[in-house]
Ligand code: C2O
Ligand code: CU
Ligand code: CU
């Protein structure tokens, strides 16, 4: 079994290896024929077992109707959708055919963070195969989860290059009659930057060190503006994932409210009506749409979202002004993500009234504060920090006891130049208690929560089973790679 922690030297070695990798990539690209088109490949567990092989490699794929050279799992973009049930065993024979080390993380799953389970610390070297195996607990909530690489220092590059796939846990929520009768669609939102030659464009240094890399080719399931149908009179269920490394989506469907039924970690207690929905990197949401409007075409829009202070960097040094947050840089035009068209009248279907009750958590035994910041590090450019420190895989930043509840206050130091940071925790989902002291309007399970500059978000985490080491980090993957990640060690009382 290949398992190793990277010390600083190995990390540097790995970094220089990636430069060699870039050359190798170019050569390999010409040897690979176009092998696949955007695909909705999926695998469903059978008799309690999901047994699949995943192969990560750089190859030619069809992206948005053109030939592109990207990273993919099994040549599929997004990666194959995996579907399991509570109690299932998941076995993934993973082969790294990338030129760089990588690994797999199962974002949002409440499974062991150790050994060959959801272990963000291990690494699979180029050319090697590693078998992941873990069990989904019997009481695991149903929900929309995903998998992606998590090798520190290379995460943004590999995810932006195309690696990510959905991992669906089917359960209680799916058995609610109205939900079962709804038409289900999966929408993986992801942006790419392709050059004229179809290769990924490397991010510019500024972009990497500021808001994180973004590409102008915005896709849904690897396509530009795909079509989905709305059953007239019925319900459409969209499972949404933001698999972008840095891009935010502010979603709105023309003339239709969105009925939020699930957040990152699973179902809400009842549907919540929304006009629009912000989805930051790593977040998922499930919404219902009622086919109750005039039949026709409706656009799923991405409304402008101001990634604060981009104005200053993106050309507004003068215009936006140095004082205060400039809110002027995002394009002020909405972009179309997908088109939804009414089709086939169905027997009319009401919204479900009740979903799955969300447990109320007891008062915390402990309150901690995490301050998100950044600064220039001598000789290496921007560093992103949590409580003033950059990531070190061998340092334990936070020790928690199992079977306790903690509140974490995530504070984004709102400095003159601030960045939004979607804060993510592995292994245990949490509930957002308040933002700047104001309590949240509904209760739900999250594992990633946006924290804009100047904000303090209080989250409540039940640390349940699963001892071991896990991480928390910003899900703008360039920020994570540039240090904004910490290690939490979870243990039983009396264990050391
Ligand atoms: Cu989706 Cu630690 O990440
Ligand atoms: Cu994660
Ligand atoms: Cu960040």
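Residue numbers (the working numbering): 1 to 496. Ideal Cβ placement from N, Cα and C applies to all residues, glycine included.
Pairwise C-alpha distance: residue j and residue i
| i | j | result |
| --- | --- | --- |
| residue 470 | residue 180 | 35 angstroms |
| residue 31 | residue 387 | Residue confidence for residue 31 is low, a pLDDT of 37 falling below 50, so the modelled location carries little weight; the figure read from the coordinates is stated next. About 47 angstroms. |
| residue 149 | residue 347 | 43 angstroms |
| residue 366 | residue 407 | 6 angstroms |
| residue 29 | residue 157 | Summary for residue 29: the model assigns pLDDT 36, below 50, so the residue's position carries little reliability; its value from the coordinates is reported in the next sentence. Their Cα atoms are separated by approximately 17 angstroms. |
| residue 452 | residue 384 | 15 angstroms |
| residue 121 | residue 393 | 7 angstroms |
| residue 480 | residue 61 | 28 angstroms |
| residue 380 | residue 360 | 45 angstroms |
| residue 494 | residue 464 | 16 angstroms |
| residue 445 | residue 174 | 17 angstroms |
| residue 34 | residue 140 | For residue 34, the predicted structure reports a pLDDT of 44, less than 50, and the residue's modelled location is therefore unreliable. A value from the coordinates is still provided. So the alpha carbons of these two residues sit roughly 39 angstroms apart. |
| residue 230 | residue 473 | 37 angstroms |
| residue 275 | residue 256 | 8 angstroms |
| residue 354 | residue 440 | 19 angstroms |
| residue 251 | residue 272 | 15 angstroms |
| residue 72 | residue 417 | 35 angstroms |
| residue 41 | residue 199 | 24 angstroms |
| residue 233 | residue 345 | 6 angstroms |
| residue 183 | residue 220 | 18 angstroms |
| residue 404 | residue 364 | 8 angstroms |
| residue 117 | residue 79 | 19 angstroms |
| residue 336 | residue 253 | 10 angstroms |
| residue 358 | residue 402 | 20 angstroms |
| residue 124 | residue 349 | 48 angstroms |
| residue 64 | residue 135 | 36 angstroms |
| residue 281 | residue 248 | 6 angstroms |
| residue 483 | residue 351 | 44 angstroms |
| residue 239 | residue 378 | 43 angstroms |
| residue 315 | residue 412 | The pLDDT assigned to residue 315 is 35, lower than 50, so where the model puts this residue is not dependable, and the model offers no usable value. |
| residue 225 | residue 368 | 43 angstroms |
| residue 491 | residue 112 | 12 angstroms |
| residue 177 | residue 153 | 45 angstroms |
Beta strand (DSSP E) segment containing residue i, residue limits
| i | result |
| --- | --- |
| residue 409 | 404-412 |
| residue 177 | Counting along the chain, residue 177 falls outside any beta strand (DSSP E), though it belongs to the alpha helix (DSSP H) covering 177-181. |
| residue 420 | It is not in any beta strand (DSSP E) - residue 420 carries neither H nor E in the DSSP assignment. |
| residue 338 | 335-345 |
| residue 489 | 485-491 |
| residue 395 | Here residue 395 belongs to no beta strand (DSSP E), and DSSP marks it neither H nor E. |
| residue 138 | Note, residue 138: premise wrong, no beta strand (DSSP E); not H, not E. |
| residue 459 | 456-463 |
| residue 443 | Looking at the DSSP string, residue 443 is not in any beta strand (DSSP E), and its letter there is neither H nor E. |
| residue 497 | No information on residue 497 is available, as it lies outside the stretch 1 to 496 that the chain covers here. |
| residue 372 | 366-377 |
| residue 298 | 297-303 |
| residue 166 | 165-169 |
| residue 47 | No beta strand (DSSP E) holds residue 47; DSSP gives it neither H nor E. |
| residue 69 | 66-73 |
| residue 431 | 431-435 |
| residue 195 | Segment: none, residue 195 is in no beta strand (DSSP E) and carries neither H nor E. |
| residue 448 | 448-451 |
| residue 385 | 381-386 |
| residue 471 | 468-474 |
| residue 107 | 105-107 |
Extent of the continuous alpha helix (DSSP H) run through residue i
| i | result |
| --- | --- |
| residue 478 | 477-481 |
| residue 117 | That residue, residue 117, is in no alpha helix (DSSP H); it is neither H nor E in DSSP. |
| residue 358 | No alpha helix (DSSP H) contains residue 358, which DSSP labels as neither H nor E. |
| residue 160 | 155-160 |
| residue 207 | 205-209 |
Proximity test, Cβ basis, 9 angstroms: residue i and chain C
| i | result |
| --- | --- |
| residue 114 | Given the protein chain composition of this structure (a single chain), no chain C is represented. |
message = With three or more beta-carbon pairs closer than 8 angstroms as the criterion, would you say the region 392-403 touches the region 483-494?
response = They touch, by the three-pair rule.
ask   = What are the complete alpha helix (DSSP H) segments, minimum 4 residues, inside the region 75-103?
value = The qualifying runs do not exist here; there are none.
task = Mind listing which residues have their beta carbon within less than 5 angstroms of any non-hydrogen atom of ligand 1? Chain order is fine.
result = With the criterion CB distance below 5 angstroms from any heavy atom of ligand 1, the matching residues run 107, 282 along the chain.
message = Quick check: the region 238-249 against the region 159-177, are at least 3 beta-carbon pairs closer than 8 angstroms?
response = Short answer: they touch.
key: Touching by the beta-carbon criterion (3+ pairs, under 8 angstroms), the region 191-210 and the region 105-124   = Fewer than three pairs of CB atoms, one per stretch, sit closer than 8 angstroms, so the region 191-210 makes no contact with the region 105-124.
query = Using 8 angstroms as the threshold, is the region 459-466 in touch with the region 417-433, meaning 3 or more CB pairs across them?
reply = Here the region 459-466 lies against the region 417-433, with 3 or more beta-carbon pairs under 8 angstroms apart.
query = Taking one C-beta from the region 45-56 and one from the region 83-90 each time, how about it: are there three or more such pairs within less than 8 angstroms?
reply = The way I'd put it, the region 45-56 does touch the region 83-90; three or more beta-carbon pairs between them come closer than 8 angstroms.
Every unbroken alpha helix (DSSP H) inside the region 211-293 [4 residues or more] = Qualifying alpha helix (DSSP H) stretches: none in this window.
query = Are the region 259-274 and the region 205-224 touching by the rule of at least three beta carbon pairs closer than 8 angstroms?
reply = Under the three-pair Cβ rule at 8 angstroms, the region 259-274 does not count as touching the region 205-224.
query = Got a list of residues with beta-carbon closer than 5 angstroms to any non-hydrogen atom of ligand 3, in chain order?
reply = The set of residues with a C-beta under 5 angstroms from any non-hydrogen atom of ligand 3 comprises 421, 474, 476, 479, given in chain order.
contact_flag[the region 271-290, the region 196-211] where n(CB pairs < 8 angstroms) is 3 or more = Touching, no, given that fewer than three Cβ pairs across the two stretches are closer than 8 angstroms.
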